[in-house]
Ligand code: CMC
């Protein structure tokens, strides 16, 4: 085993070097504090490995993404979302029997308890569907055991995957004031979801195969992305042995932010803004470069990818195909492509290796399918569920897993005597000024 040397206060220490199957190198600092008294300071965790994992591999410099060793481009060609769920959660591609059993289980558990429908009623119509999704997923823990053994955990995994799409569709129906459409267990995951979203009771509805295929692709591309903000949140919450529903509900909230999954909604809002402003994308590129402006090009840049995000490449191609197949012309697609072209030629973006990420083109596809922009991040969450679940399961099964508890370097006041309130009041109060 090779070792890394650290010199601190004149003392020399050695730490083991850990090398992954793709030659990623880490220094195992797990004994750093115990041996040296110092901690590793890394705000934003850009250099910190929080776990050993066998689920997803990313090479951000080369633009590579693989689930359990399978390249995302090959998965995108021919897999189904259900297969990808199985692959991520159980570690291998399912046999025909395994897949049939898994799909049957999923279809059996799509209904939510009737009384849970009352929870939806009390949210205002304007409630963001991400808030509703997270609250409803957390509420599942009121109905199902927290999962103390493997059998219970496996069942909760199925419940979560199956019920999440019903909850997501119901949250949309609530936001547009339409009656719920119940799940049907003869349909695939994507067909069922589209029907629950767009069918109206007592009216015929046929799921568009083009839409179902596009949704299948979108969900698969979002299925896992190793230790990002929401996945780390799921692991962080799960590390205290909180139940699966609670950990995933927390992940949904972490995903909601505009720097993470919430970027897909912000991209479309940005493209709409550019269009309403006469389509001058150059002006927005200039604004994104201006250090005095808080504006960023949404859907651009990534903590890990310093090259094209392979998911964005696939989605850009799919956007042309799906819009063509659906006969949709979207002026925002043209603006997006122009914006990408201008940014990719601009020194600011080139120097910082800022490329379009998965969120840049996904919204265009969702729009073409009739999914409103406030549901985009919910779609991301549905896709990410198998990733969150597999990461949570990996941590649960790791005998060396510990509660997550980072440290800090304290920069506050040194010890000072506490003056009782009466003594503090004896001092003249600062003068109050009204605004
Ligand atoms: N527009 C303009 N400048 C940018 C952008 C952008 N979208 N992204 C990064 N930069 C600049 C940033 O100002 C900084 O410049 P400087 O070095 O001069 O200070 C440099 O690039 C590095 O940025 P950073 O914020 O230090 O990088 P990060 O790794 O902390 O942030 C990010 C990554 C994704 C939060 C960021 O690129 C960003 O805010 N992008 C827009 C939001 C977005 O699209 N998020 C979705 C990410 S992909 C989906 C997911 O998995 O969540």
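Numbering (this note's numbering), first residue to last: 17 to 451.
Heads up, the beta-carbon is just placed ideally off N, CA and C, and yes, glycines get one too.
Residue 87 - partner residues in DSSP beta bridges
Within the chain shown, the letter at position 71 stands for residue 87. Beta-bridge pairing links residue 87 to 82.
Spell out the partners DSSP gives residue 21 in its beta bridges.
Here residue 21 corresponds to residue number 5 of the chain shown, with the count starting at 1. By DSSP's assignment, residue 21 forms a beta bridge with 30.
Within the same chain, show all residues whose beta-carbon is closer than 8 Å to that of residue 351, passing over the 5 residues directly before and after it, in chain order.
Stepping through the chain shown from its first residue, residue 351 is reached at position 335. A distance below 8 Å between beta-carbons, with the five flanking residues on each side excluded, links residue 351 to the following residues of its chain, in chain order: 287, 290, 291, 295 and 297.
DSSP on residue 301, reduced to helix/strand/coil?
Start at 1 with the first residue of the chain shown, and residue 301 comes out as number 285. Here DSSP, grouped into helix, strand and coil, assigns residue 301 to helix.
Selection from 325, 377 and 366 that minimises the alpha carbon distance to residue 346:
The residue you call residue 346 lines up with position 330 of the chain shown. Nearest C-alpha to residue 346: 377.
Per DSSP, what kind of secondary structure is residue 41 in: helix, strand or coil?
In the chain shown, residue 41 corresponds to position 25, counting from 1. In the three-state DSSP reduction, residue 41 falls in the strand class (E or B).
Would you call the stretch 328 to 346 and the stretch 371 to 391 touching, i.e. three or more CB-CB distances under 8 Å?
Output reads yes: the stretch 371 to 391 touches the stretch 328 to 346.
I'd like the span of the alpha helix (DSSP H) that includes residue 173, first residue to last.
Here residue 173 corresponds to residue number 157 of the chain shown, with the count starting at 1. For residue 173, the uninterrupted alpha helix (DSSP H) run begins and ends at 166 to 192, by DSSP.
Are there any heavy atoms of the ligand CMC lying less than 7 Å away from the beta-carbon of residue 460, as far as the coordinates show?
Past the boundaries of the shown model lies residue 460; the chain is included only from 17 to 451, so the question cannot be answered.
Taking 7 Å as the cut-off, is the beta-carbon of residue 319 closer than that to any non-hydrogen atom of the ligand CMC?
In the chain shown, residue 319 corresponds to position 303, counting from 1. Correct: residue 319 has its Cβ closer than 7 Å to the ligand CMC.
Quick one: what's residue 316 bridged to in DSSP?
By one-based count along the chain shown, residue 316 stands at place 300. DSSP, once it has assigned bridges, lists 372 as partnering residue 316.
Alpha-carbon to alpha-carbon, residue 185 and residue 489:
This structure cannot settle anything about residue 489, because the visible part of the chain is limited to 17 through 451.
Chain-order list of residues whose beta-carbon lies under 7 Å from that of residue 147 (same chain, five-residue window excluded):
Stepping through the chain shown from its first residue, residue 147 is reached at position 131. Nothing meets the Cβ criterion.
Beta-carbon within less than 6 Å of residue 82's beta-carbon, same chain only, minus the 5 sequence neighbours each way: which residues are those?
Here residue 82 is taken as the residue at index 66 of the chain shown, counted from 1. Only 73 meet the Cβ criterion.
According to DSSP, is residue 72 helix, strand or coil?
Reading the chain shown from its first residue, position 56 is the one you call residue 72. Strand, per DSSP.
Residue closest to residue 195, alpha-carbon to alpha-carbon, out of 266, 109, 283 and 212:
Translated into positions along the chain shown, residue 195 becomes position 179. When only C-alpha atoms are compared, the closest one is 212.
I'd like the list of long-range same chain contacts for residue 179, defined as Cβ closer than 7 Å, with 5 residues on each side in sequence excluded.
Numbered from 1 along the chain shown, position 163 holds the residue referred to as residue 179. Hits under 7 Å: 125, 126, 128 and 156.
Given residue 132 as reference, the closest of 123, 149, 374 and 84 once Cα atoms are compared:
If you number the chain shown from 1, residue 132 lands on position 116. Cα-wise, what sits closest to residue 132 is 149.
When the Cα of residue 182 is compared with those of 199, 332 and 367, which residue comes out closest?
Here residue 182 is taken as the residue at index 166 of the chain shown, counted from 1. Nearest of 199, 332 and 367 to residue 182, Cα basis: 199.
Counting pairs of Cβ atoms below 8 Å between the stretch 254 to 270 and the stretch 85 to 99, do you hit three or more?
With a cut-off of 8 Å, the stretch 85 to 99 and the stretch 254 to 270 do not count as touching, because too few Cβ pairs lie within range.
May I have the straight-line CA-CA distance separating residue 335 from residue 328, to the nearest angstrom?
Your numbering for residue 335 matches position 319 in the chain shown. Your numbering for residue 328 matches position 312 in the chain shown. Taking the straight line joining both Cα atoms gives about 10 Å.
Have a look at 90, 409 and 43 and flag the residue whose alpha-carbon is nearest the alpha-carbon of residue 254.
The residue given as residue 254 occupies position 238 in the chain shown. For residue 254, the nearest C-alpha among the options comes from 409.
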